[in-house]
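*Asks:* Below is one structure. I have some questions about it.
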Amino acid sequence: MDLVVKNGTVVTATEMFQADVGIEDGVVACLGQFDYPSGTPAIDAAGRLVMPGVIDAHVHLEDVGDNGTPTADDFASGTRAAAAGGTTTVIDFVSPAPGQSPAEAAALRRRQAESKAVVDYALHCCIPEAARFTAEEAARLLAEGISSVKLFTVYAGLALDTLSLYQIMLRAAEVGLTVSLHAETGEIVEHYRREFAAAGQKDPEYHAWSRPWFAELEAVQRALALNAAAGARLYFVHVTTRAALEAIARARREGQDVWAETCPHYLLFNESALRGPDGGRYIMSPPLRRAEDLAALWSGLAAEDIQVVATDHCPFPLATKVGRPFYEVPNGVGSIELNFNLMLSEGVLAPGAARLTPSRLAAVTSTNPARFFGLYPKKGHLAPGADADLIIVDPLKTRTVRAAELHGGEDHSIYEGLTLRGMVETTISRGEVIYDHGRVLGTPGRGRYVRRPVAGWDRAAGGTPV
Ligand code: DUC
Ligand code: ZN
Ligand code: ZN
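All residue numbers for the sequence shown refer to our numbering, where the first residue is 138 and numbers rise by one.
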């Protein structure tokens, strides 16, 4: 035995129990009460929660945002921050250049991360044109270990028209690839952006007005209608409104294999943040919504209408976020390091809130994304045979967020000054302690690329359907 995490309360997506966790060769070897040789390295987790390492299924590291602005995190700083927040696997993106083969772009993107990643990483592949998603390309993507494509209905160069969306869904269903979708209707957004710019309405709050709730709902409903015929596994990234969530929940009840993700910022802030003096810091897309929508998202998480929390981590320097017209601000905020702590604090530990049980927290931050994206049961699970990706959490500690103390490249944080309950003390990745009490110990390049087989493989192997 290489390491024992002893005396902790193990939290899985379905249960909580007192157990020791024995780790050997990077894998969970035993769970429960077992003997081990004296002198075995051990961490005493008494009074702590021991949970599966977080899987952040939606991050943008080393990417380029609007107006060519580079993100504040590359693979090294972003995954260092991930480790400090309890995240042991991230799923980033590959965006093929015009005319480039998706599989070729994927191989290059993987190499870009190779020498830098502190935690394990996988990739989704953006498909900006139906014609490029041939059966052969789909097979090559699967051979690269990529089992999900990312589609958009907005953003020049990425937005797909209705027929293309349908054709890609059909192809994805045929080969078993999962479809992730950013659902906002581009025509509506572009129209309002132009109108507001022409009228000199430049303040951050117009960002929200330019991307109204019905633009999200229209794109969600259209995608659901197309997928009712195409039959792909469909995943809506960053769902923000009650209306969109209700449409997705209805489609699930009608039998579609469709999942919803939301992000911490949509659960913690409402649109009023955009009206503050530094409202530009809160510009992301879709935009922050009304308080009623926040309440619906929390209820949706508890009721299992939302299955995944991921960050859409896409931070930019403060100087690019404030003092500009909203249409020149790069979209995105950072939360790769705070994600789990935010959800623990506001979802589980906040007095009177108790929106989520600890097991539901494990499900939405780890087990469910592992299941949906083909990582389970190797990841997202605390059981013998799984990778020893786990976190030790002290539920009694509190912290106040200071951007200067975070481990990534962002020079500010929309969570600055927020006091959070609970704290990740230790992060273990494949049996190695990569973060401990404030210090990142994992080195760049130790993170491994994770190949993901087609979605649903765990069911074929006898796993429990979600
Ligand atoms: N919205 C996106 O769609 N991508 C990255 C950041 C953002 O705010
Ligand atoms: Zn998006
Ligand atoms: Zn995104």
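By construction, the Cβ of each residue, glycine as well, lies at the ideal position given by its N, Cα and C atoms.
Is G184 helix, strand or coil when you go by DSSP?
*Replies:* Counting from 1 along the sequence shown, the entry for residue 184 is found at position 47. The answer is coil: DSSP assigns G184 none of H, G, I, E or B.
*Asks:* Rounded to the nearest angstrom, what separates S566 and L300 at their Cα positions?
*Replies:* As a position in the sequence shown, residue 566 is number 429, starting the count at 1. As a position in the sequence shown, residue 300 is number 163, starting the count at 1. One C-alpha to the other measures close to 42 Å.
*Asks:* Pick from V591, E569 and Y586: whose alpha carbon is nearest that of V141?
*Replies:* Numbered from its first residue, the sequence shown carries residue 141 at position 4. Nearest C-alpha to V141: E569.
*Asks:* Taking the C-alpha atoms as reference points, what is the distance between V256 and E332?
*Replies:* In the sequence shown, the residue the question calls residue 256 occupies position 119. In the sequence shown, the residue the question calls residue 332 occupies position 195. Roughly 44 Å between the two C-alpha positions.
*Asks:* Could you give the distance in angstroms between the alpha-carbon of A520 and the alpha-carbon of A150?
*Replies:* As a working mapping, residue 520 is identified with position 383 in the sequence shown. As a working mapping, residue 150 is identified with position 13 in the sequence shown. Answer to the nearest angstrom: the Cα atoms are 11 Å apart.
*Asks:* For ligand 1, enumerate in chain order all residues having a CB closer than 6 Å to any of its heavy atoms.
*Replies:* Result: H197, H319, M421, S422, D449, C451, N468 and G469.
*Asks:* Taking 8 Å as the cut-off, decide whether the C-beta atoms of E408 and R426 are in contact.
*Replies:* On the sequence shown, residue 408 is found 271 positions in, with the first residue counted as 1. On the sequence shown, residue 426 is found 289 positions in, with the first residue counted as 1. The answer is yes: Cβ separation under 8 Å.
*Asks:* Is any heavy atom in ligand 2 found nearer than 7 Å to the beta carbon of V561?
*Replies:* Indexing the sequence shown from 1 puts residue 561 at position 424. Result no, Cβ not under 7 Å from ligand 2.
*Asks:* What residue range is occupied by the uninterrupted alpha helix (DSSP H) comprising H328?
*Replies:* By one-based count along the sequence shown, residue 328 stands at place 191. Per DSSP, H328 belongs to the alpha helix (DSSP H) from G323 to A335.
*Asks:* Please state whether the Cβ-Cβ distance between D181 and L198 is less than 8 Å.
*Replies:* Stepping through the sequence shown from its first residue, residue 181 is reached at position 44. Stepping through the sequence shown from its first residue, residue 198 is reached at position 61. No, the Cβ-Cβ distance between D181 and L198 is not below 8 Å.
*Asks:* State the Cα-Cα distance for the pair A309 and E266, rounded to the nearest angstrom.
*Replies:* Against the sequence shown, residue 309 aligns to sequence position 172. Against the sequence shown, residue 266 aligns to sequence position 129. Those two C-alpha atoms are separated by around 13 Å.
*Asks:* From G582 to S252, what distance separates their C-alpha atoms?
*Replies:* Taking the sequence shown and counting its residues from 1, the one referred to as residue 582 is at position 445. Taking the sequence shown and counting its residues from 1, the one referred to as residue 252 is at position 115. Approximately 4 Å, taken between the alpha carbons.
*Asks:* Quick one: what's got a C-beta closer than 6 Å to G416's C-beta in the same chain, skipping five residues either side?
*Replies:* In the sequence shown, residue 416 corresponds to position 279, counting from 1. Cβ neighbours of G416 beyond the five flanking positions: P341.
*Asks:* Would you tell me roughly how many angstroms separate the C-alpha atoms of Q304 and G313, rounded to the nearest one?
*Replies:* Within the sequence shown, residue 304 is the residue found at index 167, counting from 1. Within the sequence shown, residue 313 is the residue found at index 176, counting from 1. So the two alpha carbons sit approximately 14 Å from each other.
*Asks:* Verify the contact flag: V374, CB atom, against every heavy atom of ligand 2, threshold strictly below 7 Å.
*Replies:* On the sequence shown, residue 374 is found 237 positions in, with the first residue counted as 1. Yes, since a heavy atom of ligand 2 falls inside the 7 Å radius drawn around the Cβ of V374.
*Asks:* Ignoring anything shorter than 3 residues or poking outside the region 153 to 184, list the beta strand (DSSP E) runs there in chain order.
*Replies:* As far as the region 153 to 184 is concerned, its whole beta strand (DSSP E) runs of at least 3 residues are 153 to 161, 164 to 169 and 179 to 181.
*Asks:* Using 8 Å for Cβ pairs, my map puts T225 next to D548. What's the rounded Cβ distance?
*Replies:* As a first step, residue 225 is located in the sequence shown; it is residue number 88 there, counting from the start. As a first step, residue 548 is located in the sequence shown; it is residue number 411 there, counting from the start. Actually they do not touch by this definition, with Cβ atoms about 26 Å apart.
*Asks:* Which residues bound the beta strand (DSSP E) around F604?
*Replies:* Examination of residue 604 is not possible in this model, given that the chain is present from 138 through 603 alone.
*Asks:* Counting only runs that start and end within the region 504 to 529, where is the alpha helix (DSSP H) found for 4 or more residues in a row?
*Replies:* With a minimum length of 4 residues, the continuous alpha helix (DSSP H) runs that stay inside the region 504 to 529 are 505 to 509.
*Asks:* Is the separation between the beta-carbon of V286 and that of T322 shorter than 8 Å?
*Replies:* For the purposes of this step, residue 286 is taken as the residue at position 149 of the sequence shown. For the purposes of this step, residue 322 is taken as the residue at position 185 of the sequence shown. Their beta carbons are not under 8 Å apart, which means V286 does not touch T322 by this criterion.
*Asks:* Decide if G190 is buried, meaning its Cβ has at least 16 other Cβ atoms within 10 Å, or exposed.
*Replies:* For the purposes of this step, residue 190 is taken as residue 53 along the sequence shown, with counting starting at 1. That one is buried.
*Asks:* Starting from the N-terminal side, write out each stretch of the beta strand (DSSP E) that is 3 residues or longer and does not extend beyond the region 251 to 291.
*Replies:* Those beta strand (DSSP E) runs which fall completely within the region 251 to 291 and span 3+ residues are 257 to 263 and 285 to 289.
*Asks:* Mind checking which residues open and close the alpha helix (DSSP H) that includes N364?
*Replies:* As a working mapping, residue 364 is identified with position 227 in the sequence shown. W350 to A367 is the span of the alpha helix (DSSP H), which, as asked, contains N364.
*Asks:* Just reading off the alpha helix (DSSP H) that I305 is part of, what are its end residues?
*Replies:* Taking the sequence shown and counting its residues from 1, the one referred to as residue 305 is at position 168. I305 -> alpha helix (DSSP H) spans T299 to V312.
*Asks:* Reducing DSSP to helix, strand and coil, say where F453 ends up.
*Replies:* Translated into the one-based positions of the sequence shown, residue 453 becomes position 316. F453 falls in the coil class under three-state DSSP.
*Asks:* Starting from the Cα of G559, find the closest Cα among D524, M480 and A320 and give me that residue.
*Replies:* Taking the sequence shown and counting its residues from 1, the one referred to as residue 559 is at position 422. Checked all of D524, M480 and A320; the closest Cα to G559 is M480.
*Asks:* Can you give the Cα-Cα distance for I473 and R387, rounded to whole angstroms?
*Replies:* The residue given as residue 473 occupies position 336 in the sequence shown. The residue given as residue 387 occupies position 250 in the sequence shown. Cα-Cα distance, rounded: 31 Å.
*Asks:* I'd like to know whether the C-beta atoms of L512 and V466 end up nearer to each other than 8 Å.
*Replies:* On the sequence shown, position 375 is the one that residue 512 refers to. On the sequence shown, position 329 is the one that residue 466 refers to. No, the Cβ-Cβ distance between L512 and V466 is not below 8 Å.
*Asks:* Starting from A499, follow the alpha helix (DSSP H) in both directions and report where the run begins and ends.
*Replies:* As a working note, residue 499 is residue 362 in the sequence shown. Residues P495 to A499.
*Asks:* Tell me, to the nearest whole angstrom, how far the beta carbon of G484 is from that of T504; I am working on the premise that it is less than 8 Å.
*Replies:* Residue mapping note: residue 484 aligns to position 347 of the sequence shown, counting from 1. Residue mapping note: residue 504 aligns to position 367 of the sequence shown, counting from 1. Not a contact, Cβ separation roughly 15 Å.
*Asks:* At the level of alpha carbons, what is the spacing between F351 and V326?
*Replies:* Stepping through the sequence shown from its first residue, residue 351 is reached at position 214. Stepping through the sequence shown from its first residue, residue 326 is reached at position 189. Each residue's alpha carbon lies about 10 Å from the other.
*Asks:* Check whether the Cβ of H574 lies closer than 7 Å to any heavy atom of ligand 3, and answer yes or no.
*Replies:* The residue labelled residue 574 in the question sits at position 437 within the sequence shown. No, ligand 3 has no heavy atom inside 7 Å of this Cβ.
*Asks:* Whose C-alpha, out of D229, S422 and P207, is nearest the C-alpha of A456?
*Replies:* Stepping through the sequence shown from its first residue, residue 456 is reached at position 319. Considering only alpha carbons, the answer is P207.
*Asks:* By DSSP, does F230 sit in helix, in strand, or in coil?
*Replies:* Locating residue 230 in the sequence shown gives position 93, counting from the first residue. Looking at F230 - three-state DSSP - the assignment turns out to be strand.
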